[in-house]
């Protein structure tokens with residue numbers, strides 16, 4: 001990885017980067033508004049983060065420290081490939097530590113550790129239009145955004161309550177940004193929605209296939225939509241993380257065997273490893289299979 | 001009825017290239033009045049209705065509407081946002097085919113509640129109570145509230161569409177062949193329901209139909225169109241019982257007797 005491939009810095013040519021930066025600046029100026037941009041072919045298929053990669057390539061500099069996560073984890077295929085890609089084409093330093101990173105590209109999670117001013121979070125977005133499944137015509141949804149006609153968004157939430165007795169949307173939960181635009185926060189669990197509100201970090205969203213960029217500038221109001229008698233709630237977990245014992249972090253269910261055994265662990269691997277290094281929940285991580293098979297013991 | 005009109009239409013024309021959609025239409029509509037527009041296919045009825053309901057921009061002429069504050073506003077000088085707001089609060093539009101006016105993939109309750117949510121209602125319980133009330137008023141059983149309109153019969157869909165339009169207490173309703181495609185017994189019940197609602201709520205309505213019986217039952221006043229022009233206008237009973245224009249005489253005499 002030491003030898004820099006014969007690409008322009010960060011893969012994209014400078015004109016393309018300028019074009020994307022202009023879209024990003026416009027997106028920051030109009031929080032939550034989807035700015036069209038001339039999305040390029042990237043050396044990866046659509047749906048694997050081409051939007052996020054283009055945004056990262058446009059904002060990254062030689063002094064940046066990059067972290068890439070996929071569903072919260074640093075060690076999954078998508079995260080490893082994109083990290084290796086940027087090492088190869090821009091030779092930037094990379095890390096798995098949330099606190100050390102200046103740019104974090106993410107798919108479907110926001111790190112548990114609170115982000116700081118100066119950090120940039122880049123989201124990979126599959127479908128930027130929150131009204132897409134309610135109103136298939138793009139001409140119409142753009143008009144609805146322009147005229148602030150968002151009654152339809154609540155129709156979806158109404159349907160949830162009518163069918164399930166509660167708002168059953170658990171990811172890509174629509175938010176209103178700075179009291180104006182309704183925005184899809186990408187398929188992050190709604191657990192992460194409150195982290196977007198008044199975040200000191202800059203949040204950029206790139207949708208490569210759909211050719212849209214949008215943004216939440218630092219310290220911006222982000223409100224999850226709800227009803228007065230059915231307020232917004234985040235997921236809660238009855239057990240702590242089986243590895244680090246964290247309560248109040250977002251957990252993934254990991255299947256352990258083919259007998260129905262499973263355990264719940266933090267989806268944010270960096271957060272979980274940090275806590276284990278600090279000595280939390282060591283006795284469990286020593287033998288997670290046994291711990292999960294015997295929850296009563298694990299609780300002690 | 002008040003003596004100030006609700007809608008003033010002046011010299012309204014719509015051309016499709018060199019063809020005439022409707023030409024030089026002028027009339028006034030008063031609050032609580034039901035006006036029927038009749039004529040054969042291609043006579044410009046639907047073009048006229050679309051021009052009035054801001055679904056189609058007219059070529060010339062003006063349509064002025066008396067807003068709730070009593071001021072007359074030209075519809076085509078309003079901003080699009082104002083027009084759309086008017087369309088979903090003070091007005092209703094009942095399509096001939098209910099699938100055009102309903103969201104077929106969301107429940108009946110959400111269909112009725114959509115306008116309420118669009119004007120800022122954010123209390124689920126209240127929205128649902130209002131929706132239940134309106135389903136009752138259009139004779140749809142309360143236990144069908146969570147069913148999708150796909151599961152409804154044609155007549156029920158049409159009644160659901162009417163409930164969806166009336167939930168914000170509009171003052172003016174446009175109807176395009178509201179009973180088209182329904183069998184006669186369902187038509188009769190729907191007409192009965194519409195007549196009741198229009199008189200109870202004091203709605204003004206413009207009903208486009210080719211069915212003179214529908215016009216006779218629903219409307220107070222009637223306009224007969226032919227080739228984009230109004231050939232006769234007057235009280236419904238007068239026009240149907242004593243037609244003056246030759247075309248109206250032809251139309252009235254063409255009614256099949258059972």
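Protein chains in written order, with the UniProt record's numbering: chain A, 1 to 300; chain B, 1 to 258. Quick reminder that beta carbons are idealized off the backbone N, C-alpha and C, glycines included.
Please decide whether residue i counts as near chain B, where near means a Cβ-Cβ distance under 8 Å.
i, result
"residue 227 of chain A", "yes"
"residue 159 of chain A", "yes"
"residue 147 of chain A", "yes"
"residue 164 of chain A", "no"
"residue 175 of chain A", "no"
"residue 155 of chain A", "yes"
"residue 151 of chain A", "yes"
"residue 197 of chain A", "no"
"residue 108 of chain A", "no"
Count the other C-beta atoms from every protein chain shown that fall within 10 angstroms of the C-beta of residue i, then say buried if there are 16 or more, exposed otherwise.
i, result
"residue 47 of chain B", "buried"
"residue 237 of chain B", "exposed"
"residue 156 of chain B", "buried"
"residue 104 of chain B", "exposed"
"residue 295 of chain A", "Its pLDDT being 45, under 50, residue 295 of chain A is placed unreliably by the model, and nothing is read from it."
"residue 72 of chain B", "exposed"
"residue 14 of chain B", "buried"
"residue 227 of chain A", "buried"
"residue 161 of chain B", "buried"
"residue 17 of chain A", "buried"
"residue 327 of chain B", "Any question about residue 327 of chain B goes unanswered here, given that chain B covers just 1 to 258."
"residue 113 of chain B", "buried"
"residue 255 of chain B", "exposed"
"residue 133 of chain A", "exposed"
"residue 15 of chain A", "exposed"
For residue i, which residues of its own chain have a beta-carbon under 6 Å away from its beta-carbon, when the five flanking residues on both sides are left out?
i, result
"residue 191 of chain B", "217"
"residue 171 of chain A", "187, 189"
"residue 44 of chain B", "21, 22, 225, 228"
"residue 130 of chain B", "none"
"residue 76 of chain A", "70"
"residue 223 of chain B", "37, 230, 233"
"residue 7 of chain A", "89"
Hey, does residue i have any beta-carbon neighbour from chain A nearer than 8 Å?
i, result
"residue 123 of chain B", "yes"
"residue 107 of chain B", "yes"
"residue 114 of chain B", "yes"
"residue 90 of chain B", "no"
"residue 118 of chain B", "yes"
"residue 129 of chain B", "no"
"residue 110 of chain B", "yes"
"residue 200 of chain B", "no"
"residue 77 of chain B", "no"
"residue 137 of chain B", "no"
"residue 143 of chain B", "no"
"residue 242 of chain B", "no"
"residue 84 of chain B", "yes"
"residue 146 of chain B", "yes"
"residue 80 of chain B", "yes"
Apart from the five residues on each side of it in sequence, which residues of its chain come closer than 8 Å, Cβ to Cβ, to residue i?
i, result
"residue 141 of chain B", "135"
"residue 230 of chain A", "157, 161, 166, 167"
"residue 59 of chain A", "21, 24, 103, 120, 122, 204"
"residue 189 of chain B", "139, 155"
"residue 145 of chain B", "107, 108, 109, 128, 131, 132, 135"
"residue 169 of chain A", "156, 157, 160, 190"
In terms of residue numbering, what span does the beta strand (DSSP E) encompassing residue i cover?
i, result
"residue 94 of chain B", "91-94"
"residue 15 of chain B", "7-16"
"residue 68 of chain A", "65-70"
"residue 218 of chain B", "Not the beta strand (DSSP E): residue 218 of chain B falls in the alpha helix (DSSP H), residues 212-218."
"residue 125 of chain A", "First-last for residue 125 of chain A: undefined, no H or E at that position."
"residue 74 of chain B", "72-74"
"residue 252 of chain A", "251-255"
Please report the residue range of the alpha helix (DSSP H) in which residue i lies.
i, result
"residue 26 of chain B", "That residue, residue 26 of chain B, is in no alpha helix (DSSP H); its beta strand (DSSP E) goes 19-29."
"residue 148 of chain A", "From DSSP, residue 148 of chain A is part of no alpha helix (DSSP H); its letter is neither H nor E."
"residue 20 of chain A", "14-29"
"residue 58 of chain A", "50-59"
"residue 172 of chain B", "Counting along the chain, residue 172 of chain B falls outside any alpha helix (DSSP H), though it belongs to the beta strand (DSSP E) covering 172-176."
Okay, do the region 194-207 of chain B and the region 228-236 of chain B touch, 3+ Cβ pairs below 8 Å being the bar? Between the region 194-207 of chain B and the region 228-236 of chain B, the count of Cβ pairs shorter than 8 Å is below three; the stretches do not touch.
Between the region 66-73 of chain A and the region 134-151 of chain A, can you find at least three pairs of beta-carbon atoms closer than 8 Å? Between the region 134-151 of chain A and the region 66-73 of chain A there are fewer than three inter-stretch CB-CB distances shorter than 8 Å, so the stretches are not counted as touching.
Contact between the region 174-184 of chain A and the region 119-134 of chain B: three or more CB pairs below 8 Å? For the pair of segments examined, the region 174-184 of chain A was found not to touch the region 119-134 of chain B: the number of CB pairs separated by less than 8 Å stays below three.
Quick check: the region 124-141 of chain A against the region 88-98 of chain A, are at least 3 beta-carbon pairs closer than 8 Å? The region 88-98 of chain A, when compared against the region 124-141 of chain A, does not touch it at the 8 Å Cβ threshold.
Three CB pairs or more closer than 8 Å across the region 194-202 of chain A and the region 216-227 of chain A: Output reads yes: the region 216-227 of chain A touches the region 194-202 of chain A.
Answer yes if the region 271-281 of chain A comes into contact with the region 251-263 of chain A, meaning at least three C-beta pairs across the two stretches below 8 Å, and no otherwise. By the C-beta criterion, the region 251-263 of chain A is judged not to be in contact with the region 271-281 of chain A, since fewer than 3 inter-stretch pairs fall below 8 Å.
Counting Cβ pairs, one atom from each stretch, are 3 or more of them under 8 Å apart for the region 205-215 of chain A and the region 47-61 of chain A? Yes: at least three Cβ pairs fall under 8 Å.
Say whether the region 29-41 of chain B touches the region 205-215 of chain B, bearing in mind that this needs 3 or more beta-carbon pairs closer than 8 Å, one atom from each stretch. Yes, the region 29-41 of chain B touches the region 205-215 of chain B.
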